[in-house]
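As given, the protein sequences belong to chains A and B, one line each in that order. Numbering follows the working numbering, in which position 140 of the first sequence is assigned residue number 220; successive positions increment by one, without gaps. Numbering follows the working numbering, in which position 5 of the second sequence is assigned residue number 153; successive positions increment by one, without gaps. The structure appears below as structure tokens.
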Amino acid sequence: MIIRQCKQAAKSLRRSHLLIAAVWSCISCCWAGEGPFVVTYTHQMEEPGNLEIATKDVTGQPGEGNRFVGAATEFEYGVKGWWTSEWYLDGQATSGDSALFTGYRWENRFRLLSREHWINPVLYVEFENINGADKSLLEIVGHDGKDDLIDPNVEARREKQREIEAKLILSSYFRGWTIAENFIAEKNVRHEPYEFGYAAGISRPLALVARPDRCNVCPENFQLGMEVYGGLGTHATFGLHDTSHYVAPTVAWTLANGTSFRVSPGFGLTGSSARFLLRFGVSYEIAQFGRATRRLFRNSGGRP
Amino acid sequence: MTTVRNAASCAVSCLVLTAALAYSQSPIERAPARSVAVTNPLERNEQARLAGAKLYARECAACHGSAGQGLGKAPPLSRSAVSEAAPGVLFWVLRNGSLARGMPSFAYLPEPERWQIVTFLRALGSGTIPANQNADSSESTPRSPLNQK
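In structure tokens, the structure reads:
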């Protein structure tokens with residue numbers, strides 16, 4: 081009896097491995113041309129059925145603290161043309177301390193208007209379940225600052241941060257320029273006041289006309305931009321006092337096969353800010369991942 | 149009270165009808181009349197058509213097929229309705245997409261790149277592209293079972 085169950089388990093395991101292998105053999109890449117922004121969101125949504133896998137990493141050395149690397153791995157899926165859902169897994173490593181998984185985030189973006197306008201609004205809603213040791217710094221809100229980054233991991237990880245975050249994303253495309261502004265409100269579901277923040281960015285590709293030939297190092301594949309982001313205090317202490325702000329030039333390079341690289345050195349503008357943060361990331365988009373997966377399950381007998 | 153209720157139900161019905169009508173129309177049919185008058189600055193430009201083929205393979209082929217034959221719910225683009233549509237109409241469709249039907253907006257592409265795609269699309273449907281020069285020839289998107297009907 082037990083042997084039969086083991087054989088069945090092995091068979092189903094083999095079948096699931098075959099399915100996964102088949103999914104990967106059926107997928108094709110496409111252009112992950114989301115622009116050079118690392119912190120600021122635009123109204124560009126993920127194409128329905130596409131899955132983008134990306135890393136968003138940041139490294140820095142806050143004041144007297146140790147150098148750290150905060151990493152977020154992102155899985156972005158286009159559910160509908162007007163709805164994009166993302167799942168983040170966060171972790172960090174601190175020099176002379178430890179490396180740890182710090183939690184997850186689930187975010188959803190909803191495009192509010194079906195057509196293009198001068199300004200296009202998108203509503204962003206996110207649930208974060210991370211701990212105090214998280215250093216991915218995907219946004220700066222409230223009085224976030226360099227002091228939050230120097231606590232030892234063993235102490236910082238005890239603090240639970242279950243937060244709801246909302247953003248109003250406004251963005252426009254004008255003569256090749258992308259201009260975006262994000263207004264952020266965040267609330268810890270247990271305690272803590274409402275915290276606010278902002279991010280804004282402007283970017284442009286180096287060339288507005290595509291070359292006829294397939295190329296990796298050509299101007300149309302590079303985008304340059306500039307971001308500013310920071311905290312705006314809480315509902316009780318709204319303003320710029322004791323908040324951190326950054327200005328960050330950004331560059332994105334997309335290869336002909338769709339792999340995209342981003343680098344953004346961020347410079348702290350206030351005493352609360354870390355003096356320098358280097359953000360970098362890679363993204364790769366799998367075209368019509370949803371359709372390929374559905375087809376495989378249909379063909380494997382899931383549906384007659 | 150009854151009048152208010154009747155007016156509300158009438159308004160909801162109109163809204164549903166309008167939405168249904170909008171959904172039943174293709175994006176080309178929904179383009180505003182003024183878009184017909186917009187001309188393509190890259191019309192009949194061979195370089196633009198080749199660049200458009202590359203952009204098509206990168207941005208459109210995963211859904212519409214590498215030869216524009218259509219895949220799944222995405223309609224074929226190698227048909228007269230597309231090649232005979234005014235360039236401005238195709239440009240409007242690329243800019244706005246059709247979110248209800250699952251077509252995203254391509255407004256993030258610079259305007260000249262969108263015109264390059266329009267140049268290619270009009271050539272694709274009119275049959276003026278030699279068989280060995282369709283979107284496949286740019287090899288921007290690797291061949292995969294997804295790109296085959």
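For glycine and all other residues, C-beta sits at the position ideal for the given N, C-alpha and C.
Quick one: which chain C residues come within Cβ less than 8 Å of residue i?
{"i": "A:LEU288", "result": "The chain labelled as chain C is not found among the protein chains of the depicted structure, namely A and B."}
In its own chain, which residues sit with a C-beta less than 7 Å from the C-beta of residue i, not counting the 5 before and 5 after it?
{"i": "A:VAL103", "result": "With a pLDDT of 45 at A:VAL103, under the threshold of 50, the predicted position of this residue should be treated as unreliable, though the coordinate-derived value follows. Only ALA372, THR373 and LEU376 meet the Cβ criterion."}
{"i": "A:GLY129", "result": "GLY158, GLN368, PHE369, GLY370 and ARG371"}
{"i": "A:THR174", "result": "ASN146, PHE148 and ASN233"}
{"i": "A:SER353", "result": "GLY225, LYS226, SER324, HIS325 and TYR326"}
{"i": "B:LEU203", "result": "GLU261, GLN264 and ILE265"}
{"i": "A:ALA246", "result": "TYR204, VAL205 and ALA265"}
{"i": "B:ALA185", "result": "GLY236"}
I'd like to know whether the C-beta of residue i is nearer than 9 Å to at least one C-beta of chain B.
{"i": "A:TRP198", "result": "no"}
{"i": "A:ARG294", "result": "yes"}
{"i": "A:MET125", "result": "yes"}
{"i": "A:SER368", "result": "The sequence shown places Gln at residue 368 of chain A, not Ser. A:GLN368 counts as touching chain B."}
{"i": "A:THR373", "result": "no"}
{"i": "A:GLY115", "result": "yes"}
{"i": "A:GLY281", "result": "no"}
{"i": "A:SER178", "result": "no"}
{"i": "A:LYS160", "result": "yes"}
{"i": "A:GLY338", "result": "yes"}
{"i": "A:ALA101", "result": "With a pLDDT of 47 at A:ALA101, under the threshold of 50, the modelled position of that residue is not reliable, and the figure given next carries that caveat. No, its Cβ sits nowhere closer than 9 Å to a Cβ of chain B."}
{"i": "A:GLU156", "result": "no"}
{"i": "A:GLU307", "result": "no"}
{"i": "A:GLU261", "result": "no"}
{"i": "A:GLU300", "result": "yes"}
{"i": "A:THR182", "result": "no"}
{"i": "A:THR120", "result": "no"}
{"i": "A:THR258", "result": "yes"}
Grab me the residues of residue i's own chain with a C-beta within less than 6 Å of its C-beta, minus the 5 sequence neighbours each way, in chain order.
{"i": "A:LEU335", "result": "ASN296"}
{"i": "A:LEU304", "result": "VAL331"}
{"i": "A:THR139", "result": "VAL149 and LEU358"}
{"i": "A:ALA151", "result": "ASP137 and GLY171"}
{"i": "A:SER165", "result": "TYR157, VAL159 and ASN188"}
{"i": "B:ARG270", "result": "SER231"}
{"i": "A:PHE302", "result": "LEU286 and TRP333"}
{"i": "A:PRO329", "result": "MET306"}
I'd like to know if residue i contacts chain A, where contact means its C-beta is closer than 9 Å to some C-beta of that chain.
{"i": "B:ASN188", "result": "no"}
{"i": "B:LEU238", "result": "no"}
{"i": "B:LEU203", "result": "yes"}
{"i": "B:GLN195", "result": "yes"}
{"i": "B:PRO223", "result": "no"}
{"i": "B:GLY144", "result": "Nothing about residue 144 of chain B can be reported from this structure: the residues present for chain B run from 149 to 297 only."}
{"i": "B:SER183", "result": "no"}
{"i": "B:PRO140", "result": "With chain B covering 149 to 297 only, the question about residue 140 of chain B has no answer from this structure."}
{"i": "B:ARG206", "result": "yes"}
{"i": "B:GLN217", "result": "no"}
{"i": "B:GLN264", "result": "yes"}
{"i": "B:GLY250", "result": "yes"}
Rounded C-beta distance between residue i and residue j? I'm assuming under 8 Å.
{"i": "A:THR135", "j": "A:TYR309", "result": "So it is not a contact: roughly 19 Å between Cβ atoms."}
{"i": "B:GLN96", "j": "B:SER226", "result": "The structure shown has nothing for residue 96 of chain B, since chain B only spans 149 to 297."}
{"i": "A:PRO116", "j": "A:ARG342", "result": "6 Å"}
{"i": "A:ASP224", "j": "A:SER324", "result": "6 Å"}
{"i": "A:PHE155", "j": "A:TRP163", "result": "About 15 Å separates the two Cβ atoms, so there is no contact after all."}
{"i": "A:THR153", "j": "A:THR258", "result": "A:THR153 to A:THR258, Cβ: 25 Å. No contact."}
Which residues in chain B have a C-beta closer than 7 Å to the C-beta of residue i? List them in chain order.
{"i": "A:PRO285", "result": "PRO258"}
{"i": "A:ARG291", "result": "ALA199"}
Looking only at its chain, what residues have a beta carbon closer than 8 Å to the beta carbon of residue i, apart from the 5 residues adjacent to it on each side?
{"i": "B:PRO293", "result": "Residue placement at B:PRO293 is flagged as unreliable, the pLDDT there being 32, under the threshold of 50; the coordinate-derived value follows with that caveat. If we look at B:PRO293 and ignore the five residues flanking it on each side, it has no Cβ neighbours."}
{"i": "A:ILE107", "result": "In this prediction, A:ILE107 scores a pLDDT of 47, lower than 50, which makes its location untrustworthy; the coordinate-derived value is nonetheless stated afterwards. Only ILE366, ALA367, GLN368, PHE369 and ALA372 meet the Cβ criterion."}
{"i": "A:ASP214", "result": "GLY150, ASP170, GLN172, THR182, GLY183 and GLN241"}
{"i": "A:ARG238", "result": "ASN211 and GLY212"}
{"i": "B:THR151", "result": "none"}
{"i": "B:PRO223", "result": "SER174 and HIS212"}
Would you mind telling me which residues of chain B sit closer than 8 Å to residue i, beta carbon to beta carbon, in chain order?
{"i": "A:SER344", "result": "Within 8 Å Cβ-Cβ: nothing; A:SER344 doesn't reach chain B, min ~19 Å."}
Starting from the beta carbon of residue i, find every residue of chain A whose beta carbon is closer than 9 Å, and list them in chain order.
{"i": "B:ARG270", "result": "Within chain A, no residue comes near B:ARG270; the closest Cβ sits about 17 Å away, beyond 9 Å."}
Quick one: list the residues of chain A neighbouring residue i, beta-carbon separation under 7 Å, in chain order.
{"i": "B:ARG298", "result": "Residue 298 of chain B cannot be examined here, being either before or after the span of chain B that is shown, 149 to 297."}
{"i": "B:ARG243", "result": "GLU196"}
{"i": "B:GLY220", "result": "ARG371"}
Give the interface partners of residue i over in chain B, defined as CB-CB distance under 9 Å, in chain order.
{"i": "A:ARG191", "result": "LEU247 and SER253"}
With 7 Å as the C-beta to C-beta threshold (strictly closer), list the residues of the stretch 126-138 of chain A near chain B in chain order. GLU127 and PRO128
Check each residue of the stretch 234-255 of chain A: if its Cβ is closer than 8 Å to any Cβ of chain B, include it; give the result in chain order. TYR253 and ARG255
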